[in-house]
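Going by numbering that gives the first Met the number 0, the first residue of the sequence shown is number 0, and it counts up by one from there.
Backbone N, C-alpha and C define an ideal beta-carbon position, used for all residues, glycine too.
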Amino acid sequence: MREVRGQYEELAELAGSLAHEIKNPLSIIHMNIDLLSEDLMEIESPSSRRCQNRVDMVRNQCERMEGLLRDFLKFARLRHIDLVPGSLNDQVQQVLNAYQAQADSQDVELQRYLDPDLPSIRLHSDSLQSALMNLVKNALEAMPDGGQLWARTYSTRGGVNLDLIDTGTGVDDNTVLHMFEPFYSTKDGGSGLGLPTARKIIEAHGARITVQSEIGRGTKFSLQFPVPARLG
Numbered sequence: 000m001r002e003v004r005g006q007y008e009e010l011a012e013l014a015g016s017l018a019h020e021i022k023n024p025l026s027i028i029h030m031n032i033d034l035l036s037e038d039l040m041e042i043e044s045p046s047s048r049r050c051q052n053r054v055d056m057v058r059n060q061c062e063r064m065e066g067l068l069r070d071f072l073k074f075a076r077l078r079h080i081d082l083v084p085g086s087l088n089d090q091v092q093q094v095l096n097a098y099q100a101q102a103d104s105q106d107v108e109l110q111r112y113l114d115p116d117l118p119s120i121r122l123h124s125d126s127l128q129s130a131l132m133n134l135v136k137n138a139l140e141a142m143p144d145g146g147q148l149w150a151r152t153y154s155t156r157g158g159v160n161l162d163l164i165d166t167g168t169g170v171d172d173n174t175v176l177h178m179f180e181p182f183y184s185t186k187d188g189g190s191g192l193g194l195p196t197a198r199k200i201i202e203a204h205g206a207r208i209t210v211q212s213e214i215g216r217g218t219k220f221s222l223q224f225p226v227p228a229r230l231g
C-alpha cells in the first residue's frame with residue numbers, strides 16, 4: 000500500500016509539473032491571439048471579419064484551457080495542510096457573506112442555522128473556505144430562478160456537522176455517483192475538478208462529505224468533522 004501511495008504521489012507531482020509547463024506557452028499563445036485580434040480590428044474587410052471569428056474561437060479555447068489548468072493545479076498540489084483550532088461557524092459565515100450579493104441578485108434566500116455552542120474543530124481556513132465556496136457556488140448555479148439555501152451546523156456524538164441544502168434543480172442518481180470523480184462534469188465548459196478538489200480538502204481535514212439529491216427538489220451536502228477530545 001505504501002508503494003502504491005508513493006507511485007501515486009510521484010505521478011501526481013509529474014502531472015502537476017506537466018500542467019505548469021503547458022500553462023506558460025498557453026499564456027503566450029493567449030497574449031498573441033489578443034494582439035492579432037487588435038491588428039484585425041484595424042482591417043475592415045470580409046476576410047478580416049472571418050479571421051476575427053476564428054481568432055475569437057481560439058481565444059475562448061485558450062481561456063477554457065487556462066481555467067482547466069488552474070483547477071488541475073489546485074487539485075494536484077493539495078498534499079498536507081496544517082490544521083489549527085477554529086470555528087466552523089465563522090468559516091460558513093464568511094463564505095455566505097461573500098455570496099450574499101449574488102444570492103440577492105438571483106432571488107435566493109440564504110438561511111443560517113448555526114449552533115452558537117458548536118465545539119471548535121481543527122481547520123485550515125483558506126482551503127476550507129475554498130471547498131465551501133465551491134459547494135455554495137454549485138447551489139446557486141442550481142437556482143437561477145430563485146430559491147433557498149440553508150446552512151445548518153450542529154453537534155453529534157461523533158463530531159461537528161454542516162448541512163448545505165438547496166431547493167435547486169437537483170441531479171440524478173448517476174450524477175451523484177460520479178460527481179466527485181475528477182473531470183466528470185455536467186456543465187458546459189466545466190473542468191470537473193471543483194467537487195473533487197472540495198472533497199480532497201474536506202478529507203484532508205479528517206472529515207467526510209456525502210450528498211443526497213432529487214431532481215426538481217434540490218440537493219443536500221453533509222459534512223462531518225471530527226472534534227479532538229482536547230478541543231471539545
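What's the gap between the Cα of residue i and the Cα of residue j?
i	j	result
Ser154	Ser119	10 angstroms
Arg53	Leu39	11 angstroms
His177	Ile32	36 angstroms
Ser212	Gln110	19 angstroms
His29	Val226	47 angstroms
Leu222	Pro45	56 angstroms
Ser26	Leu35	14 angstroms
Gln128	Glu41	45 angstroms
Tyr7	Arg58	Only weak support is given to the placement of Tyr7: the predicted model assigns it a pLDDT of 44, under 50, and the question is left unresolved by the model.
Ala197	Ala130	4 angstroms
Thr168	Glu43	46 angstroms
My output table needs one value for residue i: the three-state DSSP class, helix, strand or coil.
i	result
Gly85	strand
Ser221	strand
Leu39	helix
Leu139	helix
Glu234	Residue numbering for the chain in the displayed model covers 0 to 231; residue 234 lies beyond these limits and cannot be assessed.
Ser119	coil
Quick one: using the 10 Å Cβ neighbour count with 16 as the cut-off for buried, is residue i buried or exposed?
i	result
Gln93	exposed
Thr218	buried
Val83	exposed
Arg48	exposed
So, is the C-beta of residue i closer than 7 angstroms to a C-beta in chain D?
i	result
Asn137	Among the chains of the structure shown, chain D does not appear; only one protein chain is present.
Beta strand (DSSP E) containing residue i: first to last residue?
i	result
Asp103	Per DSSP, Asp103 belongs to no beta strand (DSSP E); it is in the alpha helix (DSSP H), Gln99 to Ser104.
Checking 7 angstroms against the spacing of the C-beta atoms, do residue i and residue j come in under that value?
i	j	result
Asp165	Leu148	yes
Start and end of the alpha helix (DSSP H) containing residue i?
i	result
Leu233	This structure cannot speak to residue 233, because the chain is shown only from 0 to 231.
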